[in-house]
Structure formats: C-alpha cells, structure tokens
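**Q** The C-terminal residue of the sequence shown carries number 382 in the numbering used here, and the numbering is unbroken.
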Amino acid sequence: MKDNRVKEQISPQTDEQRRKEIRRNKAKKVMVYSLIYLFLAFLVVIAVIPFWIVLINATRDGMSISTQGISLIPGTSLVENYRILVDNVDVVRGFMNSLKIAVAVTVLSGYFSALTAYGFHVFNFRGKNVLFGLILIFMMVPSQLAFLGYVRLMTQIGLMDNHLALIIPAIASIGTVFFLRAYISSSLGKEVIEAARIDGAGELYIFHRIALPLMAPGVATMSIFTFIGSWNNYLSARVILSSKANETLPMVISSLKALRIWYQNQGAIYLGFAISIVPIVVVFIFASKYLIENISAGAVKG
Numbered sequence: 081m082k083d084n085r086v087k088e089q090i091s092p093q094t095d096e097q098r099r100k101e102i103r104r105n106k107a108k109k110v111m112v113y114s115l116i117y118l119f120l121a122f123l124v125v126i127a128v129i130p131f132w133i134v135l136i137n138a139t140r141d142g143m144s145i146s147t148q149g150i151s152l153i154p155g156t157s158l159v160e161n162y163r164i165l166v167d168n169v170d171v172v173r174g175f176m177n178s179l180k181i182a183v184a185v186t187v188l189s190g191y192f193s194a195l196t197a198y199g200f201h202v203f204n205f206r207g208k209n210v211l212f213g214l215i216l217i218f219m220m221v222p223s224q225l226a227f228l229g230y231v232r233l234m235t236q237i238g239l240m241d242n243h244l245a246l247i248i249p250a251i252a253s254i255g256t257v258f259f260l261r262a263y264i265s266s267s268l269g270k271e272v273i274e275a276a277r278i279d280g281a282g283e284l285y286i287f288h289r290i291a292l293p294l295m296a297p298g299v300a301t302m303s304i305f306t307f308i309g310s311w312n313n314y315l316s317a318r319v320i321l322s323s324k325a326n327e328t329l330p331m332v333i334s335s336l337k338a339l340r341i342w343y344q345n346q347g348a349i350y351l352g353f354a355i356s357i358v359p360i361v362v363v364f365i366f367a368s369k370y371l372i373e374n375i376s377a378g379a380v381k382g
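#1: Among A182, A107, T139 and A262, which one has its Cα closest to the Cα of A197?
#2: Taking its Cβ as the centre, do 16 or more other Cβ atoms sit within 10 Å of Q346, making it buried, or is it exposed?
#3: Can I290 and V272 be called in contact, C-beta distance under 8 Å?
#4: Alpha carbon to alpha carbon, how far is I150 from I133?
#5: Check whether the stretch 207-226 touches the stretch 320-336, counting contact only when three or more Cβ pairs, one atom from each stretch, lie closer than 8 Å.
#6: Taking the alpha carbon of K270 as the reference point, which residue from F203, I333 and F258 has its own alpha carbon closest?
#7: Give the secondary structure of V86 by DSSP, where H, G and I count as helix, E and B as strand, and everything else as coil.
#8: Buried or exposed for A275, going by 16 or more other Cβ atoms inside 10 Å?
#9: Rounded to whole angstroms, what's the CA-CA distance from R173 to P293? Just pull it up for me.
#10: What do you get for H201, buried or exposed, if any count of 16 or more other CB atoms within 10 angstroms of its CB means buried?
#11: Determine whether the beta carbon atoms of S157 and D141 lie at a separation below 8 Å.
#12: Straight-line CA distance for A250 to A300?
#13: Figure out for me which residue from M240, D279 and G298 has the closest Cα to the Cα of L268.
#14: Starting from A262 and walking both ways along the alpha helix (DSSP H), at which residues does that stretch end?
#15: Check whether the stretch 344-364 touches the stretch 304-315, counting contact only when three or more Cβ pairs, one atom from each stretch, lie closer than 8 Å.
#16: Select from K369, M220, D241 and L233 the residue whose C-alpha is nearest the C-alpha of L321.
#17: State the DSSP-derived secondary structure class of A245, mapped to helix, strand or coil.
#18: Using alpha carbons as the reference points, say which of S114, Q97, F131 and G190 lies closest to L260.
#19: With a 10 Å radius around its C-beta and 16 neighbouring C-beta atoms as the bar for buried, classify H288 as buried or exposed.
#20: Here's the rule: buried if 16 or more other CB atoms are within 10 angstroms of the residue's CB, otherwise exposed. What is G213?
#21: Go to N209, then tell me how far its alpha helix (DSSP H) extends in each direction, as first and last residue.
#22: Do T256 and S316 count as a contact pair if the criterion is CB distance below 8 Å?
#23: For a test of the three-state rule: what should DSSP assign to T94, helix, strand or coil?
#24: Among residues of its own chain, excluding the 5 on either side of A245, which ones have a beta-carbon nearer than 6 Å to its beta-carbon?
#25: What is the DSSP secondary structure of F200, counted as helix, strand or coil?
#26: Could you check what DSSP says for V319 in three-state terms: helix, strand or coil?
#27: If you compare alpha carbons, which of Y113, L351, V231 and L118 is closest to F175?
#28: From R232 to L165, what does the alpha carbon distance come to, in whole angstroms?
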C-alpha cells in the first residue's frame, strides 16, 4: 500500500517534468531549424543577387550604370542594348560556336569517361592500380602547366584555329573517370556482369545495356560541370582560335569591351553575360534531378 501511495505522489510530478522537457526540446529544435533556414535563405540571396544585377543591368544604359551604380529596378534600354550588341559583334555565331563545342565536349567526355570507368571496374589487368594512381596524380597537376605543350601539339597536328582543338583533348576527363569509377563500384556488382556474360552478351552490349543506364545519374551529374566548364572556357579558346568565324561567346563578349566607347556599352556587355547564362541554367534545370539523386543516395549510404 505504501508503494502505491508513493507512486501516486511521484508520478504527477514526474509527468509534469517530462512534459516540460518535451516542450523545451521542441522549442530548441524549432530555434535550431529556424537558424538553419535563415542561414540557407541568406546563402540563396547571396547566390541570386549577382545574377539579378546582371539581368537588371542588361536593361539599363551604360551611362546610368557608370553614374548611378547598382540598381535593383529594371531599366528601359533592353532593345537599345541588343541593337548595340548585334551591331558590334556576331553574338549569334558566337553562341552557336560555344553551344557546338560544349555539347560535343559534354557528350564525348561523358561517354568515354564512362567507358574507361567501366574498364577499370570490370577488368583485371597488369598495371591497373599503377595506371589509376597516375590518374590521381594527374588530377593534382594544374592544367595551366600543360598548356604550352597542348598548344605546341595542336600546332604540330594542324588544329590551330579549329574547334576540334577544344573538343578532342577534353574527351580525356580525368576527374570524370575518377568519379564514375567510384560510382560504378557502388552501383554495379560484378556478379551481374558475369551473369550477362554467361548468357552470351558481349562487353559492349553489357556496357550499353546494363552499365551505362546504371551510371546515367553519375554521368549526368558530371556532365553539368563539364558543360559549364566548356561553355565558360575562355583562355584555351582565345589562344587556339584566331578567326572571327570561330570565336566562342566569351570571346565575342570580351571583344565588345575592346571598343573605344566600352563604358557606353556596359548595358550591352551585361546583356551578353545574361545571354551566356541561359544555356547553363537550362542544362542545370534538366540535369539537377540527377545531382539531387546522387546527393540523396550518398546520404543514405553514409
């Protein structure tokens, strides 16, 4: 009887303490999540503001940009800026040249990098680990160190002022091979490949029908970065390409800065920047779901 009375006296107080503790924990969680969301919103604003300024300045005239500085209100000079842009440079040809190079680099780099990663994962050959170690070493070497050799090679084989000089070397993407090898190792078991071989399937058939579909999210993820890197490539294009007909969009926009009255054409320059952003945004919109899937899969595996 004594025990029951003691329990009756203690349990209400204990339950009240538990409810207070639960409310306290909920309040802490709400505060933590609120701070996290505020921080993420701050990062979004920081990321969006530069793009918004570019879009706004594309609608303003050069004089107002020079005298008034930053503005968040659109101007009325969009048509005039487009006229200046089209009259001084061939922006359409530059856009098409950049699109051709970027698409070719993205497709070829994704395909051959996936094929190379498949070979490293499936086949056992002498020097395999040494060769992969060399790939890791070359990943750490800045591309600028090999630039002079690259230019000399393109000169010797007669590819200067040719888009192929920007497409062919980009096929050997060391970073993409490294990423896809790790991706395929976690998503494709060798027993599946052995079963397909027993059924009489060839290696190329296995790669195209089994391995490549499984690697598609990883290939799409790396293709985003490959496309952006190729689209924004200025240094290599400036050295390799010399004729106006072969100029890429970054070269076309930079040539607008070389005009005498460039300060009056700042709105047109910003309009060129805005046009150059459009393909990147489109590619990211269509391929971002694969990037999110990879991040989610990595979080689940972790």
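Ideal placement from N, C-alpha and C gives every residue a C-beta, glycine not left out.
**A** So, from the data block:
#1: A262
#2: buried
#3: yes
#4: 7 Å
#5: no
#6: F203
#7: Low confidence applies to V86: its pLDDT is 47, below 50, so where it sits in the model is not reliable, and the reading given next is rough at best. In this structure, V86 counts as helix in the three-state DSSP scheme.
#8: exposed
#9: 35 Å
#10: buried
#11: yes
#12: 16 Å
#13: G298
#14: I254 to S267
#15: yes
#16: D241
#17: helix
#18: G190
#19: exposed
#20: exposed
#21: K208 to M220
#22: no
#23: helix
#24: M234, L239 and I320
#25: helix
#26: helix
#27: L351
#28: 34 Å
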